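Before any comments, here is the structure.
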Amino acid sequence: MARITASVYSSHIPAVGAAFDLGKTHEPYWQKVFSGYDFSKQWEKEQKPDVIFLVYNDHATAFSLSMIPTFAIMTGPEFMPADEGYGRRPVPPVIGHPELASHIASEVIQKDFDLTIVNEIDVDHGLTVPMTCMFGKVDAWPCKVIPFAVNVVQHPVPSGARCFALGQAIRAAIESYPEDLNVQIWGTGGMSHQLQGPRAGLINREWDNEFLDRLINDPAGLSKMPNIDYVREAGSEGIELVMWLIARGAMADTRGGPKPKVAHRFYHVPASNTAVGHLILENA
Amino acid sequence: MSLDKEFKEIPGTIIFDAEQSRKGYWLNQFCMSLMKAENRERFKANERAYLDEWKMTEDQKQAVMARDLNAMMALGGNIYFLSKIGATDGKSFQQMAGSMTGMSEESYRDMMINGGRSIEGNRKIGEHGDAQRPNKDK
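One line per chain: the protein sequences are A and B, in this order.
Position one of the first sequence corresponds to residue 32 (the numbering used here), numbered consecutively onward.
Position one of the second sequence corresponds to residue 716 (the numbering used here), numbered consecutively onward.
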């Protein structure tokens, strides 16, 4: 049977992708960011996941205002890195897992999560930057990826509680898939940042670290935090952090299993306008 | 059910909700058009003529030509869409974000390196933080 072995949480800052693509990773400013992923690259080499279920958001790239799906699962076979106005990132195409993705869609829709199903889409930095952080420079990504997009651009966006429950449904769906697959689930975006208005540049280090603590130790309690708290405390774009609760909801302890092991934790300010957060939790 | 009114009580912040989205629909869709190189060229060659092809209000067009991001946000723009204008102009996201604060590019960058803008005094309109916007925070 397919099983979820670990969850990974990471910011997905576009400037980090640009720094990597332009060969700036050893500049002191960026070295501090990339050093947080040294452990993770080695860890991925040992983990050898077959599939990553990757929760991210599109940033007015593939979804304009003409279509705004709250939750969208990508069931297609291949996804190109998007041209976001600066040309496509020089990273490999993302290879999907249409069979598993369709299975998950079928299962969770029947549990009343009304997903949008997408077969053709380009994926933006929200997806490709965490891939780069975790795998570095590669000719081909070492595993398949099921992209899963969440609307965190136009309010109301889904609540933490809804995301957490969705993660639990995704976990059940993955574990009912008959093929023996090592699956990771990633939650991306955040941490505190605000990209607009006179409050741009907001960082809330204390709040971010408490979020990490609670994500590890009290995810069900954390999932009840209202969206206004994210926006007020972590900035208008800090609301992306609700996506981390999808990944957290898919861990074994949310259904009575053992608590996950913290394999890695990293926090750094700043990368461009944003606080970088990164966490790896392993199922026991 | 409308959004919690507390969303409107955060200083220096415009929440992109259904109402802003409706107001800013064509402004944002114009921005999306700048994802294509040929459209960027046409826009740069004659901004006014290009903007006149879109069902935008005159205020929105003026705000775009003035590159006034705060005005564009107030008129329904969303920062991820508006960033396409910045990309067309060769600006980084940090330059764009900084331009909305009234700070110089250098002092904004220094603020970020020193840990970013503090939350203290910036949670609610009427507090005494550095992000309180005079024309909104009455």
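Beta carbons: idealized from backbone N, C-alpha and C, even for Gly.
As the structure is a prediction and not an experimental result, all values here were calculated from the model.
Checklist entry - Contact check, A/Ser254 vs A/Leu276 under 8 Å by CB: the rounded distance? => result For the purposes of this step, residue 254 of chain A is taken as the residue at position 223 of the first sequence. For the purposes of this step, residue 276 of chain A is taken as the residue at position 245 of the first sequence. Indeed they touch by this definition, with Cβ atoms about 5 Å apart.
Checklist entry - Do A/Glu138 and A/Ala204 have their C-beta atoms closer together than 9 Å? => result Looking up residue 138 of chain A in the first sequence gives position 107. Looking up residue 204 of chain A in the first sequence gives position 173. Against a cut-off of 9 Å, the Cβ pair of A/Ala204 and A/Glu138 comes out as a contact.
Checklist entry - I think A/Phe179 touches A/Met105, with their Cβ atoms under 8 Å apart; what is that distance to the nearest whole Å? => result Locating residue 179 of chain A in the first sequence gives position 148, counting from the first residue. Locating residue 105 of chain A in the first sequence gives position 74, counting from the first residue. About 7 Å; that satisfies the 8 Å criterion.
Item to check | At least 3 beta-carbon pairs within less than 8 Å: the region 238-251 of chain A vs the region 100-118 of chain A | outcome: Output reads no: the region 100-118 of chain A does not touch the region 238-251 of chain A.
Checklist entry - Excluding sequence positions up to five away, which residues of its chain have a Cβ less than 7 Å from the Cβ of B/Asp774? => result Reading the second sequence from its first residue, position 59 is the one you call residue 774 of chain B. Only Leu790 meet the Cβ criterion.
Checklist entry - So A/Leu208 packs on A/Ala33, CB below 8 Å; how close in whole Å? => result One-based indexing of the first sequence puts residue 208 of chain A at position 177. One-based indexing of the first sequence puts residue 33 of chain A at position 2. At residue 208 of chain A the sequence reads Tyr, which differs from the Leu that was named. Between A/Ala33 and A/Tyr208 the Cβ distance is about 4 Å, and since that is below 8 Å, they are a contact.
Checklist entry - Which residue from B/Tyr740, B/Cys746, B/Gly813 puts its Cα closest to that of B/Lys799? => result Here residue 799 of chain B is taken as the residue at index 84 of the second sequence, counted from 1. If we check each option's Cα against that of B/Lys799, B/Cys746 comes out closest.
Checklist entry - Just checking, does the region 760-769 of chain B make contact with the region 63-80 of chain A on the three C-beta pairs under 8 Å criterion? => result No: fewer than three Cβ pairs fall under 8 Å.
Next on the checklist: Which of the three DSSP states is assigned to A/Thr36 in this structure?
Outcome noted: On the first sequence, residue 36 of chain A is found 5 positions in, with the first residue counted as 1. Reduced to three states, the DSSP call for A/Thr36 is strand.
Item to check | Rounded straight-line distance, which links the Cα of B/Thr803 to that of B/Ser748 | outcome: Start at 1 with the first residue of the second sequence, and residue 748 of chain B comes out as number 33. Start at 1 with the first residue of the second sequence, and residue 803 of chain B comes out as number 88. Those two C-alpha atoms are separated by around 11 Å.
Item to check | Spatial distance of A/Ala192 from A/Met256 (CA atoms) | outcome: Locating residue 192 of chain A in the first sequence gives position 161, counting from the first residue. Locating residue 256 of chain A in the first sequence gives position 225, counting from the first residue. Counting only the Cα atoms, A/Met256 lies some 8 Å from A/Ala192.
Checklist entry - Which residues in chain A sit within 8 Å of B/Asp732, going by Cβ to Cβ distance? => result Walking along the second sequence from the start, residue 732 of chain B turns up at place 17. What B/Asp732 touches in chain A: Gln185, His186, Pro187.
Checklist entry - Just reading off the beta strand (DSSP E) that A/Phe51 is part of, what are its end residues? => result The residue given as residue 51 of chain A occupies position 20 in the first sequence. No beta strand (DSSP E) holds A/Phe51; the alpha helix (DSSP H) holding it covers 45-52.
Checklist entry - At what residue ranges does the region 171-219 of chain A contain a whole run of the alpha helix (DSSP H), taking only runs of 4 or more? => result Residue ranges of uninterrupted alpha helix (DSSP H) with 4 or more members, entirely inside the region 171-219 of chain A and ordered along the chain, are 191-206.
Item to check | Beta-carbon spacing of B/Glu756, B/Val779 below 9 Å | outcome: One-based indexing of the second sequence puts residue 756 of chain B at position 41. One-based indexing of the second sequence puts residue 779 of chain B at position 64. It is not a contact, given that the beta carbons lie outside the stated cut-off.
Next on the checklist: Short of 6 Å in beta carbon distance, which residues of its chain neighbour A/Ala171, apart from the five on each side in sequence? Order them along the chain.
Outcome noted: Stepping through the first sequence from its first residue, residue 171 of chain A is reached at position 140. The answer, listed in chain order, is Pro123.
Checklist entry - Can you give the Cα-Cα distance for B/Glu820 and B/Tyr740, rounded to whole angstroms? => result Indexing the second sequence from 1 puts residue 820 of chain B at position 105. Indexing the second sequence from 1 puts residue 740 of chain B at position 25. Approximately 30 Å between the Cα atoms of the pair.
Checklist entry - When the Cα of A/Val181 is compared with those of A/Asn314, A/Thr219, A/Cys164, A/Gly232, which residue comes out closest? => result Residue numbering aside, residue 181 of chain A sits at position 150 when the first sequence is read from its first letter. Closest option to A/Val181, Cα to Cα, is A/Thr219.
Item to check | Listed by chain order, chain B residues near A/Tyr117 by CB distance under 7 Å | outcome: What you label residue 117 of chain A is simply residue 86 of the first sequence in a count that begins at 1. Neighbours of A/Tyr117 on chain B, chain order: Ala802.
Next on the checklist: Quick check on A/Thr163 - is its C-beta less than 9 Å from some C-beta in chain B?
Outcome noted: Mapped onto the first sequence, residue 163 of chain A falls at position 132. With 9 Å as the cut-off, A/Thr163 does not count as an interface residue toward chain B.
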